[in-house]
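Participant:
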Ligand SMILES: [Zn+2]
């Protein structure tokens, strides 16, 4: 597996002077370190994960956003066991997103498996530019994704103000 810290550090739950320096100067975050160690420990017993690339991890108020390669995300989405094993390693909810993606893809990943119909820029009556995402279907109390958390993550990760609307408003 590839990690934001060295493979040796991840596997041994330590930080070499170089990686420690990168944490201190802010190039790496504590979430990068924690996620690398967590994934390395699962990789020891889960062969599929061993080929993965973790680009980075960002933590926003207990939400762990894992930036992975596209193929890795697809593999995790196809395996409930792998997803559970991954989630168990974190204190808060994990969100899987593709590294280096567009705003739209980022929002789509946070809403997976719900489909996003459109993502558009809109102007609010008081002249503030917002991004409106329209989610397919309608909201029910059983809707599995906390939309408030999505708004919060998108704001913090991409500095984007989004408004979420459901296709069927009734
Ligand atoms: Zn290192």
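Numbering (my numbering), first residue to last: 1 to 170. Quick reminder that beta carbons are idealized off the backbone N, C-alpha and C, glycines included.
1) Touching or not, the region 49 to 68 and the region 96 to 110, by the rule of three or more beta carbon pairs under 8 angstroms?
2) If you measure between the beta carbons of residue 1 and residue 48, is that distance less than 8 angstroms?
3) Could you check what DSSP says for residue 63 in three-state terms: helix, strand or coil?
4) With distances taken Cα to Cα, identify the nearest neighbour of residue 169 among 137, 150 and 79.
5) Suppose you measure from the CA of residue 126 to the CA of residue 29; what does that come to, to the nearest Å?
6) Pairing CB atoms from the region 10 to 22 with CB atoms from the region 30 to 48, are three or more of them under 8 angstroms?
7) Among 46, 61, 59 and 64, which has the Cα closest to the Cα of residue 75?
8) In the DSSP assignment, the beta strand (DSSP E) including residue 101 goes from what residue to what residue?
Facilitator: For this structure:
1) yes
2) On the chain shown, residue 1 is found 1 positions in, with the first residue counted as 1. On the chain shown, residue 48 is found 48 positions in, with the first residue counted as 1. Result no, Cβ atoms of residue 1 and residue 48 do not sit closer than 8 angstroms.
3) Against the chain shown, residue 63 aligns to sequence position 63. Here residue 63 sits in strand by DSSP.
4) Translated into positions along the chain shown, residue 169 becomes position 169. Of the candidates 137, 150 and 79, the one whose C-alpha sits nearest the C-alpha of residue 169 is 137.
5) As a first step, residue 126 is located in the chain shown; it is residue number 126 there, counting from the start. As a first step, residue 29 is located in the chain shown; it is residue number 29 there, counting from the start. For residue 126 and residue 29, the distance between alpha carbons rounds to 36 angstroms.
6) Result yes; three or more Cβ-Cβ pairs closer than 8 angstroms.
7) By one-based count along the chain shown, residue 75 stands at place 75. It is 46 whose Cα lies nearest to the Cα of residue 75.
8) As a position in the chain shown, residue 101 is number 101, starting the count at 1. Looking at the DSSP string, residue 101 is not in any beta strand (DSSP E), and its letter there is neither H nor E.
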